[in-house]
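Protein chains in written order, with the working numbering: chain W, 3 to 411; chain V, 43 to 261. Inspection log for the structure reproduced underneath, given as structure tokens.
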Amino acid sequence: MSEILTLTRIPLDDYAELLGAGEIEELRALAKPLRGRGIEMINSTAVGGGVAEILTRLVPLAEELDLNIKWDVMTGGQDFFDVTKSFHNALHGAPYHASPRDFEIFLAYTKRNCATLPLDSEFVVIHDPQPCGLIDARPSGANHWVWRCHIDLSHPNRTVWDFLEKFVSRYEGAMFSSPEFSRQLAIPQYLFYPAIDPLSEKNRPLDQEFTADVLSRYQIDPHRVILTQISRFDRLKDPVGVIRAYRIVKRYFDCQLVLAGGSASDDPEGAVVLKEVLREAQSDPDIKVLELPAWAPLEVNALQRASTVVIQKSLREGFGLTVSEALWKKKPVVASAVGGIPIQIIHKHTGLLSHSIEGTAYQIRFLLSHPEIAAKLGEQGHQHVKENFLITQKLKRYLTLFLTLARNS
Amino acid sequence: MNVAETPFEFFTVSYLTRIGNLSAGTIAELLTGLENCSDASIFHHTFQTLGSHHFLTEGFSNDFAQWVLADANRNDLAEQLAALDIRDYVSIAALRRDLCRVVGDYGTGYPHFAAQSALERFYFCESTEVTVPLGRSAQTLEEFRDGIAHLSHAAFYFHFISSRLRLQLRTNDFSHWLADGLGLPSLADSVNHIDIYTNTLDSSRSKLLRLLDREQRKA
Numbered sequence: 003m004s005e006i007l008t009l010t011r012i013p014l015d016d017y018a019e020l021l022g023a024g025e026i027e028e029l030r031a032l033a034k035p036l037r038g039r040g041i042e043m044i045n046s047t048a049v050g051g052g053v054a055e056i057l058t059r060l061v062p063l064a065e066e067l068d069l070n071i072k073w074d075v076m077t078g079g080q081d082f083f084d085v086t087k088s089f090h091n092a093l094h095g096a097p098y099h100a101s102p103r104d105f106e107i108f109l110a111y112t113k114r115n116c117a118t119l120p121l122d123s124e125f126v127v128i129h130d131p132q133p134c135g136l137i138d139a140r141p142s143g144a145n146h147w148v149w150r151c152h153i154d155l156s157h158p159n160r161t162v163w164d165f166l167e168k169f170v171s172r173y174e175g176a177m178f179s180s181p182e183f184s185r186q187l188a189i190p191q192y193l194f195y196p197a198i199d200p201l202s203e204k205n206r207p208l209d210q211e212f213t214a215d216v217l218s219r220y221q222i223d224p225h226r227v228i229l230t231q232i233s234r235f236d237r238l239k240d241p242v243g244v245i246r247a248y249r250i251v252k253r254y255f256d257c258q259l260v261l262a263g264g265s266a267s268d269d270p271e272g273a274v275v276l277k278e279v280l281r282e283a284q285s286d287p288d289i290k291v292l293e294l295p296a297w298a299p300l301e302v303n304a305l306q307r308a309s310t311v312v313i314q315k316s317l318r319e320g321f322g323l324t325v326s327e328a329l330w331k332k333k334p335v336v337a338s339a340v341g342g343i344p345i346q347i348i349h350k351h352t353g354l355l356s357h358s359i360e361g362t363a364y365q366i367r368f369l370l371s372h373p374e375i376a377a378k379l380g381e382q383g384h385q386h387v388k389e390n391f392l393i394t395q396k397l398k399r400y401l402t403l404f405l406t407l408a409r410n411s
Numbered sequence: 043m044n045v046a047e048t049p050f051e052f053f054t055v056s057y058l059t060r061i062g063n064l065s066a067g068t069i070a071e072l073l074t075g076l077e078n079c080s081d082a083s084i085f086h087h088t089f090q091t092l093g094s095h096h097f098l099t100e101g102f103s104n105d106f107a108q109w110v111l112a113d114a115n116r117n118d119l120a121e122q123l124a125a126l127d128i129r130d131y132v133s134i135a136a137l138r139r140d141l142c143r144v145v146g147d148y149g150t151g152y153p154h155f156a157a158q159s160a161l162e163r164f165y166f167c168e169s170t171e172v173t174v175p176l177g178r179s180a181q182t183l184e185e186f187r188d189g190i191a192h193l194s195h196a197a198f199y200f201h202f203i204s205s206r207l208r209l210q211l212r213t214n215d216f217s218h219w220l221a222d223g224l225g226l227p228s229l230a231d232s233v234n235h236i237d238i239y240t241n242t243l244d245s246s247r248s249k250l251l252r253l254l255d256r257e258q259r260k261a
């Protein structure tokens with residue numbers, strides 16, 4: 003059985019104040035031809051992870067438009083999720099030797115879910131590789147199945163991809179977060195950016211008092227320059243490189259560095275990286291390494307809002323939505339030109355891109371020397387997010403996709 | 043008060059971006075892509091990008107120029123590409139010809155630069171357009187002003203920028219209706235002169251509303 007999900011209502015008109023009434027009217031106009039027509043979203047987890055986070059907000063918003071939308075979650079045992087976790091890593095390019103048993107497990111759970119999930123809507127959106135085999139249950143007739151891939155498929159493990167491609171190629175279309183992440187496929191491929199919710203705890207406006215309280219709690223001086231990177235303690239986020247860049251900046255500017263990420267207590271690799279970070283920090287009182295409790299969205303929000311410059315110096319990145327979070331708060335951002343970051347940072351227009359530790363340090367120094375340019379980049383970055391990376395834009399993209407699919411049939 | 047026989051019907055537009063199969067890692071490859079990509083792709087990287095990046099009013103004109111500047115690091119070519127003004131084109135074919143000419147001439151003049159690898163690849167995408175009526179129309183200047191004041195960015199873009207290709211005229215929906223529907227050619231001309239490259243959609247709209255207010259005061 004699929005899990006039954008109860009979601010909190012999100013009044014669409016709450017967004018009108020931020021975006022303008024015209025934008026909401028437009029969503030209603032696009033949704034009008036789709037009213038009453040069935041839409042089904044399917045993924046493999048109800049909580050945790052970016053997809054569940056997005057669907058938690060997207061589905062109630064779609065309901066506000068009188069769409070007949072439901073969200074079902076594929077079920078599976080530990081053996082299924084062990085296999086799909088390995089598939090996930092392998093699709094990202096990690097070494098993996100798939101055994102025939104792995105594929106048998108995948109197919110067995112797919113078959114079981116095909117029998118229990120409704121899968122009877124006119125529009126069915128399957129999220130990520132775990133449920134992609136459900137296409138086997140596609141009924142004949144007027145329905146449209148699309149596959150939304152949230153991961154980078156640019157360098158996948160050949161065996162795993164060859165296995166999954168047989169399913170993917172039977173969809174009516176596939177959606178990727180960046181052209182760079184897509185594959186050469188015979189079906190149409192669409193660009194679907196991830197999105198942030200401007201009314202979520204991580205992004206909504208905060209009282210200055212609350213922000214001041216957070217800074218005080220972590221002994222951060224609000225009157226001095228604050229450089230911040232929000233990311234888990236992962237080598238691919240290069241926290242040690244961030245400290246080295248900070249040291250170069252520190253020669254010229256009195257500044258503090260905040261490295262804030264989720265707790266490393268239940269992540270063995272994260273704990274190792276955290277140790278490396280603390281060693282690199284060498285007890286510098288101006289470097290604040292913060293292990294935030296899981297999902298401390300208000301604290302993250304406050305730290306981003308209090309920052310002078312936000313950094314995202316990743317060595318590899320998916321889409322990197324922390325960049326959009328910072329831009330939405332009108333912060334100047336210096337970020338590496340990897341993954342989906344250049345889509346968010348249009349160099350010299352919505353932020354500055356860098357390619358090295360020294361380059362990162364230089365761009366930060368440039369922004370600190372030219373606060374008027376920093377402010378302009380922040381403002382333009384905010385507009386960029388407003389036009390392209392908000393949840394309302396994502397909803398609009400889905401409406402457009404459904405209208406296009408219906409028109410083409 | 044002038045009342046138009048044919049009302050102005052407000053629409054909005056939404057674009058689905060389709061990822062194409064072409065990409066370019068050098069300026070020479072960009073030329074090949076420009077020669078072979080679909081019309082919808084040329085539209086996406088010129089007309090449509092102006093709408094989705096309307097808030098950039100300095101130095102951003104189209105995706106080709108931005109890539110040549112930021113990733114291929116050829117300022118001179120970027121400047122020439124950015125100087126192509128979509129208002130001068132009423133067909134994608136003509137715009138493609140000029141894009142190819144500019145990039146082709148550069149490749150002929152500087153073959154070593156044209157062969158250099160860019161930092162990031164350029165991916166050709168294309169736009170699929172969906173238009174829907176907003177259920178609002180105008181027959182008088184007052185109703186027209188009210189309708190424009192409440193439009194979304196996309197709806198404003200649809201009537202003010204992308205309409206040139208639909209009309210196949212060097213004008214926009216607003217000016218076209220002001221001249222033909224309300225018989226106000228001078229106002230139509232002033233509206234058509236609002237610079238979409240140095241204004242955001244919001245500031246273009248503000249200028250347009252000021253022109254309409256002035257006309258209403260005259261009446």
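Every residue gets a Cβ at the ideal spot worked out from N, C-alpha and C, and that includes glycine. For clarity, every value in this text was computed on a predicted model and none was experimentally measured.
For the segment 155-172 of chain V, which residues have a CB atom closer than 8 Å to at least one CB atom of chain W, in sequence order? LEU161, GLU162, ARG163, TYR165, CYS167, THR170 and VAL172
Opening and closing residue of the beta strand (DSSP E) in which THR88(V) lies: That residue, THR88(V), is in no beta strand (DSSP E); it is neither H nor E in DSSP.
Quick one, are the C-beta atoms of GLY40(W) and SER123(W) less than 9 Å apart? Result yes, Cβ atoms of GLY40(W) and SER123(W) sit closer than 9 Å.
Helix, strand or coil for ASP237(V), going by three-state DSSP, please let me know. coil
If we ignore side chains and look at the alpha-carbon of each, how far apart do LYS204(W) and SER169(V) end up? 32 Å
Residues of the segment 10-31 of chain W with Cβ closer than 8 Å to any Cβ of chain C, in chain order: Structure shown: chain C not included; protein chains present are W and V.
CB contact flag (LEU229(W), GLY263(W), <9 Å): no
Starting from LEU401(W), find everything on chain V with Cβ-Cβ shorter than 9 Å and list it in chain order. SER56 and VAL172
Three-state secondary structure (DSSP) at THR68(V)? coil
What beta strand (DSSP E) runs, 3 residues minimum, are completely inside the segment 227-263 of chain W? Within the segment 227-263 of chain W, the complete beta strand (DSSP E) runs of at least 3 residues are 227-232.
Less than 9 Å between the beta carbons of ILE61(V) and SER171(W), yes or no? no
Interface flag, LEU392(W) vs chain V, CB-CB below 9 Å: no
From GLY322(W), SER309(W) and SER316(W), residue whose alpha carbon lies closest to that of PRO334(W): SER309(W)
Could you spell out where the alpha helix (DSSP H) holding TYR423(W) opens and where it closes? No information on residue 423(W) is available, as it lies outside the stretch 3 to 411 that chain W covers here.
Please report the straight-line C-alpha distance between ARG109(W) and ARG150(W), rounded to a whole angstrom. The amino acid at residue 109(W) is misidentified as Arg; the sequence shows Leu. For LEU109(W) and ARG150(W), the distance between alpha carbons rounds to 20 Å.
Determine whether the beta carbon atoms of SER180(W) and ILE345(W) lie at a separation below 9 Å. It is a contact, given that the beta carbons lie within the stated cut-off.
Name the DSSP bridge partner or partners of LYS290(W)? VAL260(W)
So who's on the other strand from MET177(W), going by DSSP bridges? ARG150(W) and TYR192(W)
What residue does the beta strand (DSSP E) around ARG178(V) start on, and which one ends it? 164-180
For ARG237(W), which residues from the same chain have a beta carbon less than 7 Å from its beta carbon, with the 5 sequence-adjacent residues on both sides left out? Here the set comprises VAL275.
If you draw a straight line from the C-alpha of SER356(W) to the C-alpha of ALA337(W), how long is it? 6 Å
Under 7 Å between beta-carbons, which chain V residues line up against LEU405(W)? List them in chain order, please. VAL172
Could you check whether the Cβ of GLY101(V) sits closer than 9 Å to any Cβ belonging to chain W? Yes, GLY101(V) lies at the interface with chain W (some Cβ there is under 9 Å from its Cβ).
With a threshold of 9 Å between beta-carbons, can MET3(W) be considered close to chain V, or not? Confidence in MET3(W) is poor, its pLDDT being 39 and thus under 50, which makes the residue's placement unreliable; the coordinate value appears in the next sentence. Cβ-Cβ to chain V under 9 Å: no for MET3(W).
Using only the heavy atoms of the ligand NAP, determine whether one of them is closer than 8 Å to the beta carbon of ASP68(W). Looking for the ligand NAP in the displayed structure turns up nothing, as the structure carries no ligands at all.
Go ahead and pull the three-state DSSP assignment for TYR199(V). helix
Run the CB neighbour count on ARG367(W), radius 10 Å, all protein chains shown included, and call it buried at 16 or more, exposed below. buried
Report the neighbours of LEU193(W) on chain V: residues whose CB is nearer than 7 Å to its CB, in chain order. Neighbours of LEU193(W) in chain V, taken as residues at a C-beta separation under 7 Å, are given in chain order as THR59, ILE61 and CYS167.
Tell me the DSSP secondary structure of MET3(W) in three-state form. Confidence is the limiting factor: at MET3(W) the pLDDT is only 39, short of 50, which leaves the residue's position unreliable, though a coordinate-based value still follows. Three-state DSSP puts MET3(W) in coil, outside helix and strand.
Straight-line Cα distance separating THR86(W) from LYS252(W): Whole-angstrom Cα-Cα distance: 45 Å.
According to the neighbour-count rule (16 or more other Cβ atoms, all chains shown, within 10 Å of its Cβ), is ALA136(V) buried or exposed? So ALA136(V) ends up on the exposed side.
Could you give the uninterrupted runs of the beta strand (DSSP E) lying entirely in the segment 335-411 of chain W, keeping only those of 3 residues or more? Entirely contained in the segment 335-411 of chain W, the beta strand (DSSP E) runs reaching 3 residues are, in chain order, 335-338 and 354-356.
Alpha carbon of LEU111(V) to alpha carbon of SER179(V), nearest angstrom: Taken atom to atom, the span from the alpha-carbon of LEU111(V) to that of SER179(V) is near 42 Å.
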